[in-house]
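Visitor: I'd like to ask you about the structure that follows.
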Amino acid sequence: MPPSIPATHSLDVSDFNPSEMYFLLRDSIVPRPIAWVSTISRTGATNIAPFSFFTIICEAPPTICFAPVRKADGTKKDTLRNIEAPGEFVVNVVGEEHVPAMSHSAATVAPEVDEFERI
């Protein structure tokens, strides 16, 4: 059994608002893969967005998880709305050569904008 490591500081989650907690969690677990999720809306508009809350859940059945958090005003982001419409999405793994395009795809744009054309 490994030796126990004494806690040097503990945090009370109630001290953080949701935005602060998001950044604390996101920045605490590194390195981590980024899911670059692509979807198509009911009207045919394409969407691609990065998600840093992404992981493997289990191998049988093969299951992954990513968390499309809501906008600051509480409304659903395009990715979530698009997934709910047809129930389909693609998770792409970002290679180093695509990091600039992935970062660019994090911008907030109108739902009808073809995000593949932007990157």
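Residue 254 is where the sequence shown starts when you use my numbering, and the numbers rise one by one after that.
Cβ coordinates follow ideal geometry from the N, Cα and C atoms, glycine included.
Identify whether Ala288 lies in helix, strand or coil by the three-state DSSP scheme.
Guide: The count along the sequence shown starts at 1 and reaches residue 288 at position 35. The answer is strand: DSSP assigns Ala288 an E or B state.
Visitor: Return the CA-CA distance between Arg295 and Asp331, expressed in angstroms with no decimal places.
Guide: Position 42 of the sequence shown holds residue 295. Position 78 of the sequence shown holds residue 331. When rounded, the distance between both Cα atoms is 11 Å.
Visitor: What number of angstroms, rounded off, separates the C-alpha of Gly348 from the C-alpha of Asp268?
Guide: The sequence position of residue 348 within the sequence shown is 95, counting from 1. The sequence position of residue 268 within the sequence shown is 15, counting from 1. Taking the straight line joining both Cα atoms gives about 36 Å.
Visitor: If contacts are defined as beta-carbon pairs under 8 Å, then Ile222 and Val344 qualify, I think. What distance do you get, rounded to the angstrom?
Guide: For the chain, the structure presents residues 254 to 372; residue 222 sits outside this window and is missing.
Visitor: Between the Cα of Tyr275 and the Cα atoms of Arg323, Ala302, Val346, Pro284, which residue gives the shortest distance?
Guide: Stepping through the sequence shown from its first residue, residue 275 is reached at position 22. Among Arg323, Ala302, Val346, Pro284, the Cα nearest to that of Tyr275 is on Arg323.
Visitor: Inspect the beta-carbon positions of Ile293 and Glu341 and report whether they are closer than 9 Å.
Guide: As a working mapping, residue 293 is identified with position 40 in the sequence shown. As a working mapping, residue 341 is identified with position 88 in the sequence shown. Contact flag set, yes.
Visitor: With DSSP as the reference, label Thr299 as helix, strand or coil.
Guide: By 1-based counting over the sequence shown, the position of residue 299 is 46. Reduced to three states, the DSSP call for Thr299 is strand.
Visitor: Over the uninterrupted alpha helix (DSSP H) stretch that includes Asn270, give me the two end residues.
Guide: As a first step, residue 270 is located in the sequence shown; it is residue number 17 there, counting from the start. Per DSSP, Asn270 belongs to no alpha helix (DSSP H) and is neither H nor E.
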